[in-house]
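Residue numbers (this note's numbering), protein chains in the order written: chain Y, 1 to 102; chain V, 1001 to 1411. Think of the CB as a built atom: it goes at the ideal place given N, C-alpha and C, for glycine as much as any other residue. Please read the structure below before turning to the comments.
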Ligand SMILES: Cc1cc2nc3c(=O)[nH]c(=O)nc-3n(C[C@H](O)[C@H](O)[C@H](O)COP(=O)(O)OP(=O)(O)OC[C@H]3O[C@@H](n4cnc5c(N)ncnc54)[C@H](O)[C@@H]3O)c2cc1C
Ligand code: FES
């Protein structure tokens, strides 16, 4: 499967990924997000904007993700932490924009 | 640096993986070779004491980058390959079963090894440490519900292991020589809350108590404590910190203290050799203090700094170092370095569930430690970075939102 990513420099990338990958891992592998905590919801450096049409296919945010997003700068209605998103075939082709660094 | 530059990285941990990703991210087109004495591609160590120990994470999810990344980015990875020597004058490495390896730039990312307890007889079974994947597997294999475990050392890793083992149903006793756990690193109120949490889950945490004898001949049977108690147990976990792997650097004649001394760009006393991660000892971390730091944040920052210098691009901005620890369902996030005897201001939520401690210096926030208060941590990072003046009364008043104290950053 693939995801469609706009990185912080505005480049559009089609990235290959596998069912079960965390979105954060796919982005971090190419250094597109820092993801310092490796997905433990501790660093909040993996913010992305998800295409609004795809938002309802994602599982809801848990309390911790909500709290972190609440305090981050540059958040939008469509903000998510990439480490909380597990990719599945259902998300094949999902458009993602990497949020600016804090 | 030209496309013919040969970069050789020694050590395959978090810092090495980040250096490689960062170099290729900057478009560095030279050769990159990585030597690691471990058998596994660079992986995340933090889960070893947490989710991996609990069996909630599989091995492939520990990897920082998938195997295909290294192939796709022209990185020559040699696993199970310890580097035995560095000849800095000839710019050559000695590697077991290889001809000598030439380098133009050498990066030492050798990290550290678990410190041993001299009291423990060599080869005694039932004795564990936790630094590597192999260590974690060995410990996991040894555990069963009801196993009696003694943990020596009440540092972060020790306390995380204690929480995981208790969750797995083991009987856990933690022995800490100092008068309290996390003595050098956590605010007293935070350490106190964590100890209460461990006690609440049924672990015993004894402070101010050392070990005077290890019981058992070939297999571990228990400990005799400095205050004369005998604690019978099946498993001993030694969590008394790490020792930086500086021997290659020392042998190469590089300036070392507690680690390998580096300047702000990660350069050692030899300009073609860098050191990054747990093994590096900052002479001065761009206004963020000096010394060695053992954290993922520092591994990543130091790798980015060195990669920028090697690739010839602008260095990343320095930020206050930060660290996290998860114990049971408690999340501790800390940012900034506080002096040893710092006095801490407290911000508690009404129900007491959230606790943040702040260290103020010259009317500015210097460090923050947030327990179950992830939002405070994010704002504290921003307050430290901005260097703005802070009103202590507002900081400790939970009815004032922390974010309202930010005067410089705006959305
Ligand atoms: C159990 C555990 C939990 C942790 N939890 C957290 C946490 O929650 N938050 C946090 O911020 N940090 C945490 N840390 C710390 C963090 O993992 C380390 O700071 C980080 O891994 C350091 O990375 P490094 O690459 O500098 O060193 P290392 O990860 O130690 O890697 C060094 C590598 O070099 C290899 N090597 C050494 N000498 C040679 C040689 N001569 N030839 C070839 N290879 C060599 C070593 O075998 C090793 O693979 C934890 C660490 C552990 C062990
Ligand atoms: S990777 Fe750290 S919060 Fe997502």
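Since residue 1316/V and residue 1308/V are thought to touch, with beta carbons under 8 Å apart, how far apart are those beta carbons, to the nearest angstrom?
-> Residue 1316/V to residue 1308/V, Cβ: 6 Å. Contact.
In the DSSP assignment, what residue or residues form a beta bridge with residue 1348/V?
-> Listed as beta-bridge partners of residue 1348/V by DSSP are 1355/V.
Closer than 6 Å: is that where the CB of residue 1082/V sits relative to any heavy atom of ligand 1?
-> Ligand 1 approaches residue 1082/V closely enough that one of its heavy atoms is under 6 Å from the residue's Cβ.
Boundaries of the alpha helix (DSSP H) in which residue 1061/V is found, first to last residue = It is not in any alpha helix (DSSP H) - residue 1061/V carries neither H nor E in the DSSP assignment.
Straight-line Cα distance separating residue 1111/V from residue 1102/V | So the two alpha carbons sit approximately 22 Å from each other.
Let me know if residue 14/Y comes out buried or exposed under the rule of 16 or more other beta-carbons within 10 Å of its beta-carbon.
-> Classification of residue 14/Y: exposed, given that the 10 Å Cβ count is below 16.
Roughly how many angstroms lie between the CA atoms of residue 78/Y and residue 60/Y, to the nearest whole one?
-> Rounded to whole angstroms, residue 78/Y to residue 60/Y spans 12 Å at the Cα level.
Own chain, CB closer than 6 Å to residue 1031/V, minus 5 neighbours either side, in chain order | Spatial neighbours of residue 1031/V in its own chain (CB-CB distance under 6 Å, excluding positions within 5 residues in sequence) are listed in chain order as 1006.
When DSSP labels each residue in this structure, what does residue 59/Y get in the three-state scheme?
-> Looking at residue 59/Y - three-state DSSP - the assignment turns out to be coil, as it is neither helix nor strand.
Run the proximity test for residue 1015/V: is its beta-carbon closer than 6 Å to any non-hydrogen atom belonging to ligand 1?
-> Using a cutoff of 6 Å, the CB of residue 1015/V counts as near ligand 1, since one of the ligand's heavy atoms is closer than that.
Return the chain-ordered list of same chain residues with a C-beta closer than 7 Å to the C-beta of residue 1195/V, the five sequence neighbours on each side being excluded.
-> Same-chain partners within the cutoff: 1181, 1205.
Just reading off the beta strand (DSSP E) that residue 96/Y is part of, what are its end residues?
-> Its beta strand (DSSP E) spans residues 95 to 98.
According to DSSP, which residues form a beta bridge with residue 1045/V?
-> Beta-bridge annotation (DSSP): residue 1045/V is not paired with any residue.
Give a yes or no on whether 7 Å exceeds the smallest Cβ distance from residue 69/Y to chain V.
-> Cβ-Cβ to chain V under 7 Å: no for residue 69/Y.
With a threshold of 6 Å, establish whether the CB of residue 46/Y neighbours any heavy atom of ligand 2.
-> Checking every heavy atom of ligand 2 against the Cβ of residue 46/Y, one is found closer than 6 Å.
Can you give the Cα-Cα distance for residue 19/Y and residue 1190/V, rounded to whole angstroms?
-> Just so you know, the alpha carbons of residue 19/Y and residue 1190/V end up roughly 40 Å apart.
Would you mind telling me which residues of chain V sit closer than 7 Å to residue 44/Y, beta carbon to beta carbon, in chain order?
-> Those within 7 Å of residue 44/Y in chain V are 1378.
What does residue 4/Y pair with, by DSSP beta-bridge criteria?
-> Under the DSSP definition of a beta bridge, residue 4/Y partners with 14/Y, 95/Y.
Do residue 35/Y and ligand 2 come close, with the Cβ less than 6 Å from some heavy atom?
-> A heavy atom of ligand 2 is found nearer than 6 Å to the CB of residue 35/Y.
Less than 6 Å between the CB of residue 1/Y and some heavy atom of ligand 2, yes or no?
-> No, Cβ of residue 1/Y sits at least 6 Å from all heavy atoms of ligand 2.
To the nearest whole angstrom, what separates the beta carbons of residue 1324/V and residue 40/Y, a pair I think is in contact under 8 Å?
-> Between residue 40/Y and residue 1324/V the Cβ distance is about 7 Å, and since that is below 8 Å, they are a contact.
Are the region 1080 to 1093 of chain V and the region 68 to 76 of chain Y touching, with three or more C-beta to C-beta distances below 8 Å?
-> With contact defined as three or more Cβ pairs closer than 8 Å, the region 1080 to 1093 of chain V and the region 68 to 76 of chain Y are not in contact.
Interface residues of chain V facing residue 97/Y [CB-CB closer than 7 Å] = By Cβ distance, chain V contributes nothing, its closest Cβ being about 17 Å from residue 97/Y, past 7 Å.
Hey, would you say the C-beta of residue 24/Y is under 6 Å away from at least one heavy atom of ligand 2?
-> At least one heavy atom of ligand 2 sits closer than 6 Å to the Cβ of residue 24/Y.
Is the distance from the Cβ of residue 94/Y to the Cβ of residue 3/Y below 7 Å?
-> Yes, they are a contact pair.
Could you tell me whether the region 1119 to 1126 of chain V touches the region 1251 to 1271 of chain V, where touching means 3 or more Cβ pairs closer than 8 Å?
-> Contact annotation: the region 1119 to 1126 of chain V does not touch the region 1251 to 1271 of chain V, with fewer than three C-beta pairs closer than 8 Å.
Consider the Cβ of residue 38/Y: report whether some Cβ of chain V lies at a distance smaller than 7 Å.
-> Yes, because at least one Cβ of chain V sits closer than 7 Å to the Cβ of residue 38/Y.
Closer than 6 Å: is that where the CB of residue 1245/V sits relative to any heavy atom of ligand 1?
-> Yes, ligand 1 has a heavy atom inside 6 Å of this Cβ.
Looking at C-beta atoms only, is the number of pairs between the region 1327 to 1345 of chain V and the region 1268 to 1279 of chain V that lie closer than 8 Å three or more?
-> Result no; under three Cβ-Cβ pairs closer than 8 Å.
Three CB pairs or more closer than 8 Å across the region 1048 to 1064 of chain V and the region 1156 to 1170 of chain V | Touching, yes, given that three or more Cβ pairs across the two stretches are closer than 8 Å.
So what does residue 1190/V bridge to, in DSSP terms?
-> As far as DSSP is concerned, residue 1190/V takes part in no beta bridge.
Given 8 Å as the limit, is there contact between the region 1367 to 1382 of chain V and the region 1341 to 1355 of chain V, that is, 3 or more CB pairs closer than that?
-> Because the criterion of three Cβ pairs below 8 Å is met, the region 1367 to 1382 of chain V and the region 1341 to 1355 of chain V touch.
Just grab the DSSP bridge partners of residue 1076/V for me.
-> Beta bridge pairing from DSSP links residue 1076/V with 1033/V.
According to DSSP, what are the bridge partners of residue 1331/V?
-> Under DSSP, the beta-bridge partners assigned to residue 1331/V are 1326/V.
Can we count residue 39/Y as close to ligand 2, meaning its CB is less than 6 Å from some heavy atom?
-> Remark: the C-beta of residue 39/Y is in contact range of ligand 2, defined as less than 6 Å to any heavy atom.
Quick one: what does DSSP say residue 1102/V is sitting in, helix, strand or coil?
-> Here residue 1102/V sits in strand by DSSP.
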